[in-house]
Amino acid sequence: MRVSPGGVCGWWLVPLLLVWVLAGPADLSSAETRPVALQTTTLRDFSTLPSISFPDVKPAFKEKNFPPQEAVNYREIRSLVGPLTPAQEEYLEKNRFLILPKPAFLMARRENRPPADEMLANFDALGGSLDPARREPANARFVGPDVILQAWRLYLANRLAAAEAGPLFDSTRQLLSDLLKNAAALKAGTSGTSARNWERLTAQLVVPLVLLESGGENPAGDDASPPDTAERTLARFEAYRARFSPAMAKNIRTELIRIHRADTSAAGLLGLTPAYPGELIDYTRFQPRGRYAGQPRLRAYYRAMAWLGDLGWSTRTEQGLADALNCALATSYDPAPSGPNGTDPTDPRAAWARVMEINTFFLGYPDSPSYLEWLPFLMKESEVPLFTADTGADEEVLRRLAAASDSIVPQSPHFRGLRPAGDSRVLCIFPRRLNLPALIAEELAQPARKGDPPAAFSALSLAALAGHQDARAMLPRQVALTRGLSETAEEIPPPDDPQKPTLLTRRLEALAARFKNEPEAAWLASEGAAWLRLAGTLSAEYGSGHPLYMRSRAFAVKQLETMLGSHAGLLHDGGAAALPPAADRAPAAKKEPPEPPAPLVKGLVEPNLAFWREMIRQVSYTQAGFRDHGLFPEDLADRGALRRFLKRLERCAALAEKELTGEDLTEDDYEFIRLFTLDWMAEPPDGAGGPRTDEWARSALAAKAQDVSPGDQSPGFTVYEAVGEPRLMLVLTGNEKSPRLVVGLVYSHYEFVGPHDRRLTDGGWRETVYDRHRPQASSNGRRPPAPNFWYDALRP
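Note that my numbering has the sequence shown beginning at 918, numbered continuously upward.
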């Protein structure tokens, strides 16, 4: 991996590649004869590394062991969570923490708005009244990584949705509009095969453009009637219809109708090839799902990006190569300067690079080649003295390109040894994305021998790679259970030799060794890599100088559930007048005469300094990236969401450091722990996203982690990662000579296998999770799966 002097990955700063040719006589100005200089663009990391340093800290957390009944707020906490069984009491005393189902208290509601997220709203509610006179002993809050990770995930998911409905939507539309103008200019004066090639490319470009144009102009998506219907899209196409022959116009209309219906598979009509297995286009992939279903612009963006990412040009055919070459010419083409200042009215490369850079941060790395790999290949393998609008019709050029096309492979700015399984012989404008955990999963699932079924996935492999030793030890058994669906699976390693390396553990070791050479920039440049880095802060073992609960053997298992619960969320998302973010709860206005404050309530910030410091680094990096790309300026203001979140992280880190070094916290410190809020982090920016309901706020989610199709040696199955209702975590702590119980919210994680032919949706999973609260039987007849065996240590 080469790194430029500026600290950015060398691949990411591809040198500007130019093939400049003398323009010839001055009267050769038609698009047919005018040379086109092929040009790449530069792609950068989302931001630059933040310059942050942290002091070394020697742990000196001081507390004495005491039974739960001696906690000063034991009775009040018992009133909150309900009576504990003798086994739970014994577990709490031994391990100094206990995880319980969340009681059915209501989520906090502020300013007559429903909560944005179940976990975060309940965390806020634990702090109690804003008025110090009404604080209660049960308001001793525990601030751990779970709620912070949940807040950060939801913030990023909402910002991605807002970017897709706003700047990414606009940049993609600008790119397609520019390409259409350039293609029309290059087509002028051509004839025969060349003219037909340009018409076909223009048709391929106009489909996603009119899909976007049918999505409306309002990024907030609160139009009175959703405009992105097939009729509206067809009406938008009428503005372009005159550019096409009657036969081509009919094909375009048919494609647009199929996309909106999203209910069939058929051969495409415009010369594009699926970038997934199979020759037919699966039009069901154009059905907007998840967050994309709720807003017209997001639905339009989803359909357009499915066209641009699921379909591309096959390098196996001369037609596909001709279209890809012509698109490269249209992307590189610089029209004659125009406008009042002589400026170029189009800049497709800048629009393309903007979308690529933002998507790399949020979604990960391309799974098939794109413009970036195509340009150097064309310049090397075409062997032409100059490119013109007719080059794509030159059969000799196309034969040379076809002969060398196997050398085109998708590149990655970081972690370049991981190769996605996408089809490298289909070139897409915006390839589909895979984050780092997904790339790792594909690498680990490779069959041992050709013809073997893929290895079964378990999220334990990611935790093992992040350094969690328990996860590594339990991984072989879980993979065997997934594949065999029973505890008698023959693949379970014998207990007398648990250290015997398997193919999976050898692959994990090889990946860990490879990742040691990655620069620090690699770990912040995309959300998936950043998650793996954060997971590493939850893999440590804690000794003298740390709280007793962190030194418990069971705490390592609790850390594992935090890691994998947050991974399920990452896996899940990788899918009018603005309401201002809810303000942090300030002290209540004083009454006349003021009521005296109730006794101080002492919470606890988990003193995992590595976690808090890494969170600060990642949020600082994101803040700089938003600034560099002109995203969400309102979030960067002093009272903006990102600035506020960063300040709270810095305060939590400072308090964790004080706790760990044995320094007493002030009353202001403890009131901060009791009262700072997080539910506003789950609010979409500018009030976008429609009305909020309790159903919407539920935290439970399920995501497909691996899909194994039926085969000769496999019945076929789907592995799911899921999160259920958040749970309460009680912690016994006694620093500052204050024996007490503190309480916070944590994830409940599940990994399970389902039938290949019956997919589980978020709605189905939530019915399964929440139906236990209803008096009638479950509406879908399902029960939540039993907790995974690796969480046995968390159950008394």
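Beta carbons: idealized from backbone N, C-alpha and C, even for Gly. Owing to the predicted nature of the structure, the values given are computational and were not obtained by experimental measurement.
- Taking a contact to require three or more Cβ pairs closer than 8 Å, the segment 1517-1537 and the segment 1565-1584 qualify as touching.
- In the DSSP assignment, R1644 falls within the beta strand (DSSP E) that extends over 1644-1650.
- Put simply, the backbone Cα of I1065 is about 35 Å away from that of L1420.
- CA-to-CA, the gap between S1299 and T1308 works out to about 9 Å.
- Inter-segment contact for the segment 1114-1123 and the segment 1286-1294 is absent: fewer than three beta-carbon pairs are separated by less than 8 Å.
- Spatial neighbours of L1097 in its own chain (CB-CB distance under 6 Å, excluding positions within 5 residues in sequence) are listed in chain order as L1122.
- Membership of F1669 in the beta strand (DSSP E) is indicated by the continuous run 1666-1672.
- Within the model, the alpha-carbon separation for A1183 versus P1191 is close to 11 Å.
- A contact is defined here as three or more CB-CB pairs under 8 Å, and the segment 1304-1320 meets this definition with respect to the segment 1235-1244.
- CA-CA distance, S1285 to S1231, rounds to 12 Å.
- When the beta-carbon positions are compared, L1618 and A1447 stay at least 8 Å from each other.
- Under the three-state reduction of DSSP, S996 is assigned to helix.
- Spatial neighbours of F1154 in its own chain (CB-CB distance under 6 Å, excluding positions within 5 residues in sequence) are listed in chain order as V1127.
- Contact annotation: the segment 1202-1218 does not touch the segment 1046-1058, with fewer than three C-beta pairs closer than 8 Å.
- In the DSSP assignment, the residues bridged to T1635 are D1624, G1671.
- Contact between the segment 1034-1047 and the segment 1588-1607 is present: three or more C-beta pairs spanning the two stretches fall below 8 Å.
- Straight-line spacing of the CA atoms in C1244 and Y1637 works out to 39 Å.
- Measuring C-alpha to C-alpha distances from R1271 to each of A1383, R992, L1092, E993 identifies L1092 as the nearest.
- Under the DSSP assignment, V1659 falls in the beta strand (DSSP E) whose first and last residues are 1657-1663.
- For G1681, the enclosing alpha helix (DSSP H) stretches over residues 1679-1687.
- In the DSSP annotation of this structure, the continuous segment of the beta strand (DSSP E) that includes W1230 starts and ends at 1228-1231.
- In this structure, DSSP gives F1562 a helical state, which the three-state scheme calls helix.
- Taking all protein chains in view, the Cβ of K1104 is crowded by 16 or more other Cβ atoms within 10 Å, so the residue is classified as buried.
- Under the DSSP assignment, F1014 falls in the beta strand (DSSP E) whose first and last residues are 1014-1018.
- Leaving aside the five residues that flank Y1072 on each side, the residues in its chain whose CB is nearer than 6 Å to its CB run, in chain order, M1598.
- F978 carries a coil assignment under DSSP once its states are collapsed to helix, strand and coil.
- In the DSSP assignment, the residues bridged to I1198 are A1183.
- The criterion of a C-beta distance shorter than 8 Å is satisfied by P1327 and P1283.
- Cβ contact annotation for G1185 (same chain, cutoff 6 Å, sequence separation greater than five): I1198, in chain order.
- Between the segment 962-975 and the segment 1436-1445 there are three or more inter-stretch CB-CB distances shorter than 8 Å, so the stretches are counted as touching.
- Between V1124 and I1169, the C-beta gap is smaller than 8 Å, which places the two residues in contact.
- Considering only Y1193, R1700, P1436, A1427, the residue with the shortest C-alpha distance to R1350 is Y1193.
- Per DSSP, the unbroken alpha helix (DSSP H) holding S1378 starts and ends at 1377-1382.
- The residue among S1341, G1557, G1229 with its C-alpha nearest the C-alpha of F1543 is G1557.
- Apart from the 5 residues on each side of it in sequence, R1534 sits with its Cβ closer than 8 Å to the Cβ of P967, I969, L1441 in its chain, given in chain order.
- Bridge pairing for L1344: W1230 [DSSP].
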